[in-house]
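Peer 1: Quick one: structure below, then a few questions.
In this note's numbering, the protein residues as written are 1 to 380.
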């Protein structure tokens, strides 16, 4: 009996992991799998190919020759970039695409710091493990999902929602409803067919469906919020010297927020150290778009090196931005907790509200077994 439960648990965990990998790729955050959208890493990683991405927290020390995924500051407007480490300085790592004749730092990109690194490509025996056309398939999947969500919001009357949090909430609710309908249709189609009594009988527990859907939504959602959050170092002293700004006069720097997530709106919140002013403390950035704001800090005395530290936190906009900001001001973990609670309540309410909490008995069929039952039998 124990072996059976362990086997079922491992099967369910594996299935949830695979779905988390796919959903993570769909929302633009690497969850053990990532991909490239350009040919800058050819021939190591061809355009549209995927690769195994080990989270930076468990990847160990970064060494020359490692292929890293990092949150760039200048490349393509600040997108996630996959390039190889070719050197290291006191300021950070020097990176270059295998197909590029020059390093990123020969251009406008500053050295890559540890806080910018999201993942490291798995290279057993020194070779990156790639998945041909994985990225191409994921990008096609994003288009399909986006079209479905757009159609759902249009049907529900939110195609021109004034508030981004309303659109985000409708997207989540639409996805939950579609998943719940698929479960319900499987049960209905299974019960509408004539069955031949067999020795085995199956049961379906809606609570498993609720927990299952919660897992595949919560995990990628948190990765999408936490992974891009970082700390920026603004060299106010260097900027003042380079632009001949007198001590005490304002030094201006631009803070750029790029939303890799093609599906949801992100609220990007900045907090700066010292006597600094941020023009817009938070930015409401729709999926696939980029926004920016200005930071002002007093120039230090001539010859003094002053660095302004700016922390960046990201939250999925499922609630009004003012509510998220209020929770963030208490503590960033409070804001994350509130958003996770909203996600969990939404999923549980719709799945359990539609199917209830009682187990349902589903008899086996000799033929034309619904896909829903086949999946359930594989899992349970």
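From the three backbone atoms N, C-alpha and C, an ideal C-beta is built for every residue, glycine too.
Take residue 322 and list the residues in its own chain whose beta-carbon comes closer than 6 Å to its own, dropping the five residues that flank it on each side.
Peer 2: By one-based count along the chain shown, residue 322 stands at place 322. Hits under 6 Å: none found.
Peer 1: Please return the same chain residues whose Cβ sits closer than 8 Å to the Cβ of residue 307, not counting the five positions on each side in sequence.
Peer 2: The residue you call residue 307 lines up with position 307 of the chain shown. 233, 234, 235, 236 and 237, listed in sequence order.
Peer 1: To the nearest angstrom, how far is the alpha carbon of residue 122 from that of residue 67?
Peer 2: Translated into the one-based positions of the chain shown, residue 122 becomes position 122. Translated into the one-based positions of the chain shown, residue 67 becomes position 67. Cα to Cα, the separation comes out at about 8 Å.
Peer 1: Report the partner residues of residue 258 according to the DSSP bridge assignment.
Peer 2: One-based indexing of the chain shown puts residue 258 at position 258. Per DSSP, 290.
Peer 1: Using DSSP with H/G/I as helix, E/B as strand and the rest coil, what is residue 197?
Peer 2: In the chain shown, the residue the question calls residue 197 occupies position 197. Confidence in residue 197 is poor, its pLDDT being 43 and thus under 50, which makes the residue's placement unreliable; the coordinate value appears in the next sentence. DSSP places residue 197 in coil when its eight states are reduced to three.
Peer 1: Once DSSP output is grouped into helix, strand and coil, what is the label at residue 283?
Peer 2: Numbered from 1 along the chain shown, position 283 holds the residue referred to as residue 283. Correct three-state label for residue 283: strand.
Peer 1: Classify residue 231 as buried or exposed, calling it buried when 16 or more other Cβ atoms lie within 10 Å of its own Cβ.
Peer 2: Here residue 231 corresponds to residue number 231 of the chain shown, with the count starting at 1. Per the 10 Å Cβ criterion, exposed.
Peer 1: Buried or exposed: which applies to residue 173, given that a residue is buried once 16 or more other Cβ atoms fall within 10 Å of its Cβ?
Peer 2: Working through the chain shown from its first residue, we reach residue 173 at position 173. Below a pLDDT of 50, predicted positions are generally treated as unreliable, and residue 173, at 49, falls in that range; the measurement from the model is reported next regardless. By the 10 Å Cβ count, residue 173 comes out buried.
Peer 1: My output table needs one value for residue 115: the three-state DSSP class, helix, strand or coil.
Peer 2: Taking the first residue of the chain shown as 1, we reach residue 115 at position 115. Residue state, collapsed to three classes: helix.
Peer 1: Taking Cβ to Cβ, would you say residue 226 is nearer than 9 Å to residue 271?
Peer 2: Position 226 of the chain shown, counted from the start, is the residue given in the question as residue 226. Position 271 of the chain shown, counted from the start, is the residue given in the question as residue 271. No, the pair does not count as a contact, with Cβ atoms beyond the cut-off.
Peer 1: Quick one: which unbroken alpha helix (DSSP H) runs of 4-plus residues sit fully inside the stretch 300 to 351? Chain order, please.
Peer 2: Qualifying alpha helix (DSSP H) stretches, in chain order: 321 to 330.
Peer 1: Could you have a look at residue 58 and say whether DSSP puts it in helix, strand or coil?
Peer 2: In the chain shown, the residue the question calls residue 58 occupies position 58. In this structure, residue 58 counts as helix in the three-state DSSP scheme.
Peer 1: Does residue 183 pass the burial test, meaning 16 or more other C-beta atoms within 10 Å, or should it be called exposed?
Peer 2: In the chain shown, counting from the first residue as 1, residue 183 sits at position 183. For residue 183, the predicted structure reports a pLDDT of 49, less than 50, and the residue's modelled location is therefore unreliable. A value from the coordinates is still provided. Label assigned to residue 183: buried.
Peer 1: Give the DSSP-derived three-state secondary structure of residue 246 in the structure shown.
Peer 2: Counting from 1 along the chain shown, the entry for residue 246 is found at position 246. Looking at residue 246 - three-state DSSP - the assignment turns out to be coil, as it is neither helix nor strand.
Peer 1: Distance check for residue 112 and residue 84, CA to CA, integer angstroms please.
Peer 2: On the chain shown, position 84 is the one that residue 84 refers to. On the chain shown, position 112 is the one that residue 112 refers to. About 11 Å.
Peer 1: Which residue wins for smallest C-alpha separation from residue 108, given the options 92, 348, 241 and 73?
Peer 2: Along the chain shown, read from residue 1 onward, the residue named residue 108 stands at position 108. Comparing Cα positions, the closest option is 73.
Peer 1: Would you check if the distance between the CB atom of residue 80 and the CB atom of residue 260 is smaller than 9 Å?
Peer 2: Position 80 of the chain shown, counting from 1, holds the residue named residue 80. Position 260 of the chain shown, counting from 1, holds the residue named residue 260. Contact flag set, yes.
Peer 1: Count the CB pairs spanning the stretch 128 to 143 and the stretch 44 to 55 that are closer than 8 Å, and state whether there are at least three.
Peer 2: These segments touch.
Peer 1: Give every residue of the same chain whose Cβ lies closer than 7 Å to the Cβ of residue 335, excluding the five residues on either side of it in the sequence, and list them in chain order.
Peer 2: Start at 1 with the first residue of the chain shown, and residue 335 comes out as number 335. Within the same chain, residue 335 has close Cβ partners 315, 324, 327 and 328.
Peer 1: Checking 9 Å against the spacing of the C-beta atoms, do residue 304 and residue 257 come in under that value?
Peer 2: What you label residue 304 is simply residue 304 of the chain shown in a count that begins at 1. What you label residue 257 is simply residue 257 of the chain shown in a count that begins at 1. Against a cut-off of 9 Å, the Cβ pair of residue 257 and residue 304 comes out as no contact.
Peer 1: Alpha carbon to alpha carbon, how far is residue 317 from residue 283?
Peer 2: Indexing the chain shown from 1 puts residue 317 at position 317. Indexing the chain shown from 1 puts residue 283 at position 283. If I take the Cα positions, the gap works out to 11 Å.
Peer 1: Would you identify the three-state DSSP class for residue 295, choosing helix, strand or coil?
Peer 2: Within the chain shown, numbered from 1, the residue matching residue 295 stands at position 295. Strand at residue 295.
Peer 1: Helix, strand or coil for residue 211? Go by DSSP, reduced to three states.
Peer 2: Position 211 of the chain shown, counted from the first residue, corresponds to residue 211. Helix, per DSSP.
Peer 1: According to DSSP, residue 84 sits in a beta bridge with which residue or residues?
Peer 2: One-based indexing of the chain shown puts residue 84 at position 84. DSSP output for residue 84 lists 67 and 96 as bridge partner(s).
Peer 1: If residue 299 and residue 249 are in contact, beta carbons under 8 Å, what's the gap, nearest whole angstrom?
Peer 2: The count along the chain shown starts at 1 and reaches residue 299 at position 299. The count along the chain shown starts at 1 and reaches residue 249 at position 249. So it is a contact: roughly 5 Å between Cβ atoms.
Peer 1: Run through DSSP, which three-state label would residue 33 get?
Peer 2: Residue numbering aside, residue 33 sits at position 33 when the chain shown is read from its first letter. Of the three classes helix, strand and coil, the one that applies to residue 33 here is strand, per DSSP.
Peer 1: Which residues mark the beginning and the end of the beta strand (DSSP E) in which residue 270 is found?
Peer 2: Position 270 of the chain shown, counting from 1, holds the residue named residue 270. Its beta strand (DSSP E) spans residues 266 to 272.
Peer 1: Starting from the C-beta of residue 348, find all residues in its chain whose C-beta is less than 8 Å away, skip the five residues before and the five after it, and write them out in chain order.
Peer 2: Taking the first residue of the chain shown as position 1, residue 348 is located at position 348. The answer, listed in chain order, is 210 and 214.
Peer 1: Does the stretch 39 to 49 come within contact of the stretch 93 to 100, defined as at least 3 CB pairs closer than 8 Å?
Peer 2: The answer is yes - the stretch 93 to 100 touches the stretch 39 to 49, with three or more Cβ pairs under 8 Å.
Peer 1: Which of the three DSSP states is assigned to residue 228 in this structure?
Peer 2: Position 228 of the chain shown, counted from the start, is the residue given in the question as residue 228. Residue 228 falls in the coil class under three-state DSSP.
Peer 1: Pull up the distance between the alpha-carbon of residue 333 and that of residue 219, whole angstroms please.
Peer 2: On the chain shown, residue 333 is found 333 positions in, with the first residue counted as 1. On the chain shown, residue 219 is found 219 positions in, with the first residue counted as 1. The straight-line gap from Cα to Cα measures roughly 15 Å.
Peer 1: Tell me, please, which residues DSSP counts as bridged to residue 240.
Peer 2: The sequence position of residue 240 within the chain shown is 240, counting from 1. According to DSSP, which records beta bridges pairwise, residue 240 is partnered with nothing at all.
Peer 1: Measure the alpha-carbon distance for residue 86 versus residue 2 and round it to whole angstroms.
Peer 2: Start at 1 with the first residue of the chain shown, and residue 86 comes out as number 86. Start at 1 with the first residue of the chain shown, and residue 2 comes out as number 2. Their backbone Cα atoms lie some 51 Å apart in a straight line.
Peer 1: On the criterion of 16 or more Cβ atoms from any shown chain inside 10 Å, does residue 105 qualify as buried, or is it exposed?
Peer 2: As a working note, residue 105 is residue 105 in the chain shown. Burial call: buried.
Peer 1: In the DSSP output, which residue or residues are listed as bridge partners for residue 46?
Peer 2: Residue numbering aside, residue 46 sits at position 46 when the chain shown is read from its first letter. Answer is none; residue 46 lacks a bridge partner.
Peer 1: Please report the Cβ distance between residue 387 and residue 118, rounded to the nearest whole angstrom; I am assuming they are in contact, meaning their Cβ atoms lie under 8 Å.
Peer 2: Limits of the chain in this structure are 1 at one end and 380 at the other, which puts residue 387 out of reach.
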